[in-house]
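Quick note: the sequence shown uses the working numbering, first residue 27, plus one each step.
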Amino acid sequence: MTLNAPTLDTPGMLDFEPAARQLARLLDGVTDDRLAAPTPCEKYAVHHLLAHLVGLTAAFRDAAKKELGPTTGTDPGAALPVLEDDWRTRLPKQLDELVAAWRSPDAWQGMTQAGGVTLPGAVAGRVALNEIVVHGWDLARAIGRPYAPDAASLQSSYELLEPTGDSPGADGIFGTPVEVPQDAPLLDRVVGRAGRSPSWTSSNK
């Protein structure tokens, strides 16, 4: 599946703060006894998901600043991520830094790198926001908390995850899309395009 670049009628910049705030609110609900719980990400327990979020917030923060190096050049799928002890302070701080970095117009210009992939800054920004939206849903479902991202972030994710004409139904950024009715809530349709079942809970895993 090919990433969909922003079109001329799509605003060039997107505000990460609403989605980042939604994710940050979930962190207080992650008690130590939840760290080993399953998530909608098949290979990830909660501690893997949190470690992935720590890594991606650093990577896309640096991608926005064009500070390319180990954080932006490492394939996140190369190995299961390891959660460090300082995640409770580090992740909220990096979410704030991510929001600030993508508020710079320069972040959306030129080329950058994330996950070892070189891509336009405008695409990297949408990918980063989508990561926060979808993995926020993953975490919320894993710990049984409500989750309500803002409409602009959801619409951006929905457009980004749209299957291309040459690969409809193929594995996408997160996995094979799950069919969801077109009249379903936008969050459910985003989740479906991201390869998740909207009805997933830890109890029916």
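C-beta: ideal position from N, C-alpha, C; glycine also. Keep in mind it's a predicted model, so treat the numbers as computed, not measured.
In three-state terms, what does DSSP make of residue i?
i, result
"Arg-129", "coil"
"Thr-98", "helix"
"Arg-222", "coil"
"Gln-120", "helix"
"Asp-35", "Interpretation of Asp-35 is limited by its pLDDT of 40, a score under 50 that renders its predicted location unreliable; no figure is taken from the coordinates."
"Val-108", "coil"
"Thr-115", "helix"
"Ala-140", "strand"
"Leu-145", "strand"
"Val-204", "coil"
"Asp-214", "helix"
"Gly-151", "helix"
Where residue i and residue j are concerned, what is the direct C-alpha to C-alpha distance, given to the nearest angstrom?
i, j, result
"Ala-85", "Arg-47", "19 Å"
"Leu-76", "Pro-207", "30 Å"
"Asp-111", "Ala-177", "34 Å"
"Gln-181", "Leu-212", "8 Å"
"His-74", "Gln-135", "32 Å"
"Ser-11", "Asn-156", "Residue 11 falls outside the range modelled here, since the chain spans only 27 to 231, and no answer is possible."
"Val-143", "Thr-57", "34 Å"
"Thr-138", "Asp-101", "15 Å"
"Trp-226", "Glu-68", "11 Å"
"Ser-228", "Leu-94", "37 Å"
"Leu-187", "Leu-109", "28 Å"
"Pro-172", "Val-217", "15 Å"
"Gly-205", "Pro-96", "One detail in the question is off: residue 205 reads as Glu in this sequence, not Gly. Cα-Cα distance, rounded: 37 Å."
"Lys-119", "Ser-183", "23 Å"
"Arg-222", "Ile-169", "16 Å"
"Pro-107", "Pro-66", "16 Å"
"Asp-59", "Val-72", "10 Å"
"Ser-179", "Ala-105", "28 Å"
"Ala-220", "Pro-189", "10 Å"
Residue j and residue i - do their beta-carbons sit closer together than 8 Å?
i, j, result
"Asp-214", "Pro-224", "yes"
"Leu-117", "Leu-79", "yes"
"Leu-121", "Thr-83", "yes"
"Ala-63", "Ala-133", "no"
"Ala-45", "Val-153", "no"
"Ala-148", "Gly-38", "yes"
"Trp-113", "Phe-42", "no"
"Thr-98", "Ala-126", "no"
"Gly-151", "Leu-61", "no"
Counting pairs of beta carbons, one from the stretch 52 to 67 and one from the stretch 156 to 165, are three or more of them closer than 8 Å? yes
Suppose only complete runs of 4+ residues qualify. What are the alpha helix (DSSP H) ranges in the stretch 35 to 92, listed by chain order? 43 to 53, 72 to 91
Start-end ranges of the alpha helix (DSSP H) lying completely within the stretch 153 to 194, minimum 4 residues: 177 to 186
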